[in-house]
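Numbering (this note's numbering), first residue to last: 39 to 386. Shown next, in structure tokens, is the structure this report addresses.
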Ligand code: NAP
Ligand code: ZN
Ligand code: ZN
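Here it is, written out as structure tokens:
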């Protein structure tokens, strides 16, 4: 029997978040049932709820893809998890499992499209709309559940499942490490994890921010330098000095000021804005610079990231809220006023 679960979501692109009930499928032999303890608030939750990207596929929509909880039951064929274990679920709950990308462990680039934790339709099971982690309970195939090192604070670990993996994956892909000068653009949820990871991987890290008042925090998070992007002289002085830039800006923005910061053969990787952006071709032709992009990360990579976080005791800096404070938190995220991830506590 499917189960009715209390959740928080929106019923249209202009309605506030409200309490509602959703159905979770009857757990199958490979399913893990999870009582959700914490769920992070990602800027994508707001974009999807408001249909900012013109690709929201269903309402009601229950967002949330930074999920931490405890296993309450397992199907008879589940081999990777035990009842009572602390586990996590990120942005995907399944994929086709057969295409080239899935075979490579890059399920986020599944050629059929991954089944997103919310906002999709579960073609692997019953075609039901998928609903995310702003809820008390979720049922997920064990192959898309990831164990969480017990030494990590569970609220701080929640954002690792999106903000963490989305910054970890490109930093690893472009081999960020000692001897590299890396700029992280935008100090929000993704940006603060980008700074922590790039610094833990041994790079020289520069926080590139529009907010001078975040400078001290950036340094505390691991940045070696802070560059205020509104300071034209400072931006000019920094031209041609970066090996890699991670651009987490969530809205339309001109790329030229940032692309010009790259050295020859340097790469700017977009992870924030999903819309037409403009840049001057002269900046990529001259200097053979690259503008690229990256989406979340695969399941194997997520496991590697969480193991790295367990070893280095890395978690997100969070503000913990009650479920009835989600609307207020969304407003603050939209004003870049988040330090540095809101996490909903479902036990409150
Ligand atoms: P966030 O917490 O709101 O942080 C974004 C930061 O960008 C802000 O704090 C601000 O930092 C900076 N910023 C905002 N507006 C700006 C502007 N007009 N120009 C320059 N900088 C600006 O958002 P988030 O949760 O980190 O998410 C960032 C983006 O990544 C969102 O669009 C989200 O949907 C997307 N995302 C993508 C993926 C993926 O797979 N690629 C995964 C997750 C999220 P400063 O105050 O420091 O300037
Ligand atoms: Zn996200
Ligand atoms: Zn696939």
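No residue lacks a Cβ here, since even glycine has one placed at the ideal position from N, Cα and C.
Contact under 9 angstroms by Cβ, residue i with residue j
i           : j           : result
residue 333 : residue 309 : yes
residue 120 : residue 109 : yes
residue 201 : residue 78  : yes
residue 137 : residue 129 : no
residue 181 : residue 349 : no
residue 306 : residue 330 : yes
residue 294 : residue 279 : no
residue 395 : residue 312 : There is no way to answer for residue 395, as the model of the chain reaches only from 39 to 386.
residue 256 : residue 283 : no
residue 378 : residue 193 : no
residue 81  : residue 228 : yes
residue 51  : residue 93  : no
residue 254 : residue 217 : no
Proximity winner among the options, relative to residue i (alpha-carbon distances)
i           : options            : result
residue 133 : 379, 154, 123, 367 : 154
residue 249 : 235, 287, 276, 283 : 287
residue 59  : 181, 86, 97, 254   : 97
residue 266 : 241, 223, 306, 227 : 223
residue 122 : 107, 257, 48       : 107
residue 179 : 339, 372, 164, 297 : 164
residue 230 : 140, 89, 352       : 352
residue 342 : 91, 210, 242       : 210
residue 339 : 376, 208, 258, 281 : 208
residue 212 : 272, 281, 261      : 281
residue 183 : 370, 336, 347      : 336
residue 354 : 166, 289, 135, 203 : 203
residue 159 : 131, 186, 185, 140 : 131
residue 86  : 235, 66, 53, 111   : 53
residue 358 : 374, 268, 191, 237 : 191
residue 118 : 162, 186, 150      : 186
Alpha-carbon to alpha-carbon, residue j and residue i
i           : j           : result
residue 157 : residue 64  : 19 angstroms
residue 199 : residue 247 : 24 angstroms
residue 55  : residue 44  : 13 angstroms
residue 263 : residue 382 : 32 angstroms
residue 176 : residue 214 : 35 angstroms
residue 319 : residue 95  : 34 angstroms
residue 344 : residue 113 : 24 angstroms
residue 239 : residue 261 : 12 angstroms
residue 99  : residue 272 : 43 angstroms
residue 57  : residue 101 : 12 angstroms
residue 289 : residue 115 : 44 angstroms
residue 62  : residue 166 : 9 angstroms
residue 188 : residue 103 : 20 angstroms
Presumed contact (8 angstroms Cβ cut-off) between residue i and residue j, rounded CB distance
i           : j           : result
residue 74  : residue 384 : 5 angstroms
residue 302 : residue 326 : 6 angstroms
residue 219 : residue 244 : 7 angstroms
residue 105 : residue 171 : 4 angstroms
residue 367 : residue 380 : 4 angstroms
Buried versus exposed, by CB contacts within 10 Å (16 or more), residue i
i           : result
residue 142 : exposed
residue 206 : buried
residue 71  : buried
residue 168 : buried
residue 152 : buried
residue 39  : exposed
residue 125 : buried
residue 145 : buried
residue 233 : buried
residue 197 : buried
residue 91  : exposed
residue 360 : exposed
residue 292 : exposed
residue 285 : buried
residue 221 : buried
residue 314 : exposed
residue 252 : buried
residue 323 : exposed
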